[in-house]
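Student: Numbering (my numbering), first residue to last: 0 to 290. We put the CB at the ideal spot given by N, CA and C, even for glycine. Can you read through this structure? Questions will come right after.
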């Protein structure tokens, strides 16, 4: 399974990384961000930095990564403010972001790099009611995109660290963090994670009535496709009655659109709750165990 979990320290660089890092201050953002990018350099990846605070940190530390100016001159590092990134992507939207990163990852491969590694501080988007919901949808779609192969060809490697200041309101931070496989944030703020692993979804952690509404929104923004939707529950430690109903509502919506739902490795408690609530008669799913 793809690497996932709550972390206190930045994991070593790997393909398809998608990390949500809740940072304390600008110094924390810069130190962790540079470590994330250094891992990309070691892997032969092109680097893209997005965000005003990230750009400011690089201006204040020109020796970072062995020399910022030399990396920029060589085309290995590109630095953009949020405003510049909006213009380049044609405005902020899921479709616009995907097209932008399709082009960027394909160009990185064409230029001889092994992939694209992105450091983006999007705190201001998360805290803006105009952009918040679209940002959550993009984070979820981006995870599916990175897990399955980026670029227009679907063969390129893209990794990203999405940085969010820790003083964001807890519900705002929880919304964006919950759709990342690797999360650095308090466990009580982000009790579960919904992320992609190849063609399947994974739900890990704990979902209770307080988190159920957030899970409903996240599942509703899952990239749509016709066919089998597999949701792996092997790392779901707890799901209450409300969570079972949320999963059933999602499964019913998928089947009404012509798809099929497989729930892999469902905990015994969830299967028992499913039967007691009569959800088998309301939402058609198949339960399966996988290696």
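Going by C-alpha distance, which of 77, 270, 84, 180 is nearest residue 237?
Tutor: Within the chain shown, the letter at position 238 stands for residue 237. The residue with the shortest Cα to Cα distance from residue 237 is 270.
Student: I'd like the ranges of any alpha helix (DSSP H) spanning at least 4 consecutive residues and lying wholly in the segment 157-231.
Tutor: 169-176, 208-219
Student: The beta strand (DSSP E) spanning residue 77 covers which residue range?
Tutor: Reading the chain shown from its first residue, position 78 is the one you call residue 77. For residue 77, the enclosing beta strand (DSSP E) begins and ends at 76-79.
Student: Compute the Euclidean distance between the alpha carbons of residue 127 and residue 171, then round it to the nearest angstrom.
Tutor: Numbered from its first residue, the chain shown carries residue 127 at position 128. Numbered from its first residue, the chain shown carries residue 171 at position 172. The straight-line gap from Cα to Cα measures roughly 10 angstroms.
Student: May I ask which residues mark the beginning and end of the alpha helix (DSSP H) holding residue 311?
Tutor: Since the first residue of the chain shown is 0 and the last is 290, residue 311 is not available in this structure.
Student: Measure the C-alpha to C-alpha separation of residue 211 and residue 125 and round it to an integer number of angstroms.
Tutor: For this step, residue 211 is matched to residue 212 along the chain shown. For this step, residue 125 is matched to residue 126 along the chain shown. C-alpha separation (whole angstroms): 20 angstroms.
Student: Looking at residue 179 and residue 18, is the spacing between their C-beta atoms short of 8 angstroms?
Tutor: Locating residue 18 in the chain shown gives position 19, counting from the first residue. Locating residue 179 in the chain shown gives position 180, counting from the first residue. In contact: residue 18 and residue 179 (Cβ atoms closer than 8 angstroms).
Student: Would you say residue 274 lies against chain B (beta-carbon separation less than 8 angstroms)?
Tutor: The displayed structure is made up of one protein chain only, and chain B is not part of it.
Student: Any idea what DSSP makes of residue 284, helix, strand or coil?
Tutor: Start at 1 with the first residue of the chain shown, and residue 284 comes out as number 285. It is coil, neither helix nor strand.
Student: On the DSSP letters alone, give me the boundaries of the alpha helix (DSSP H) that residue 58 sits inside.
Tutor: Numbered from 1 along the chain shown, position 59 holds the residue referred to as residue 58. Residue 58 -> alpha helix (DSSP H) spans 51-58.
Student: If you draw a straight line from the alpha carbon of residue 21 to that of residue 188, how long is it in whole angstroms?
Tutor: Counted from its first residue, the chain shown places residue 21 at position 22. Counted from its first residue, the chain shown places residue 188 at position 189. About 11 angstroms.
Student: State yes or no: is the C-beta of residue 2 within less than 8 angstroms of the C-beta of residue 13?
Tutor: Taking the chain shown and counting its residues from 1, one reaches residue 2 at position 3. Taking the chain shown and counting its residues from 1, one reaches residue 13 at position 14. Cβ atoms of residue 2 and residue 13: closer than 8 angstroms.
Student: Check for me: the beta strand (DSSP E) holding residue 262 runs from which residue to which?
Tutor: Position 263 of the chain shown, counted from the start, is the residue given in the question as residue 262. Start and end: 259-263.
Student: Using the rule of at least 16 other Cβ atoms within 10 Å of the residue's Cβ for burial, across every protein chain shown, is residue 226 buried or exposed?
Tutor: Here residue 226 refers to the residue found at position 227 of the chain shown. Its Cβ having fewer than 16 others within 10 Å, residue 226 is exposed.
Student: According to the Cβ coordinates, are residue 119 and residue 159 closer than 8 angstroms?
Tutor: For the purposes of this step, residue 119 is taken as the residue at position 120 of the chain shown. For the purposes of this step, residue 159 is taken as the residue at position 160 of the chain shown. For residue 119 and residue 159, yes; Cβs fall inside 8 angstroms.
Student: Excluding five sequence neighbours on each side, which residues of the same chain lie with their C-beta closer than 8 angstroms to the C-beta of residue 98?
Tutor: Position 99 of the chain shown, counting from 1, holds the residue named residue 98. Hits under 8 angstroms: 88, 89.
Student: In or out: residue 122 buried (at least 16 other Cβ within 10 Å) or exposed?
Tutor: Here the question's residue 122 lines up with position 123 in the chain shown. Per the 10 Å Cβ criterion, buried.
Student: Please list the terminal residues of the continuous beta strand (DSSP E) segment that includes residue 117.
Tutor: Along the chain shown, read from residue 1 onward, the residue named residue 117 stands at position 118. Counting along the chain, the beta strand (DSSP E) containing residue 117 begins and ends at 115-120.
Student: Rounded to whole angstroms, how far is the Cβ of residue 231 from the Cβ of residue 275, which I believe are closer than 8 angstroms?
Tutor: Within the chain shown, the letter at position 232 stands for residue 231. Within the chain shown, the letter at position 276 stands for residue 275. Their Cβ separation, rounded to whole angstroms, is 23 angstroms, which puts residue 231 and residue 275 out of contact at 8 angstroms.
Student: Determine contact between the segment 45-60 and the segment 103-112, defined as no fewer than three beta-carbon pairs at a distance below 8 angstroms.
Tutor: yes
Student: Express the C-alpha separation of residue 252 and residue 52 in angstroms, rounding to a whole number.
Tutor: Taking the chain shown and counting its residues from 1, the one referred to as residue 52 is at position 53. Taking the chain shown and counting its residues from 1, the one referred to as residue 252 is at position 253. Taking the straight line joining both Cα atoms gives about 41 angstroms.
Student: Going by the beta-carbon positions, is the gap between residue 249 and residue 209 smaller than 8 angstroms?
Tutor: Against the chain shown, residue 249 aligns to sequence position 250. Against the chain shown, residue 209 aligns to sequence position 210. No, the Cβ-Cβ distance between residue 249 and residue 209 is not below 8 angstroms.
Student: Express the C-alpha separation of residue 220 and residue 287 in angstroms, rounding to a whole number.
Tutor: Translated into the one-based positions of the chain shown, residue 287 becomes position 288. Translated into the one-based positions of the chain shown, residue 220 becomes position 221. Roughly 24 angstroms separates the two Cα atoms.
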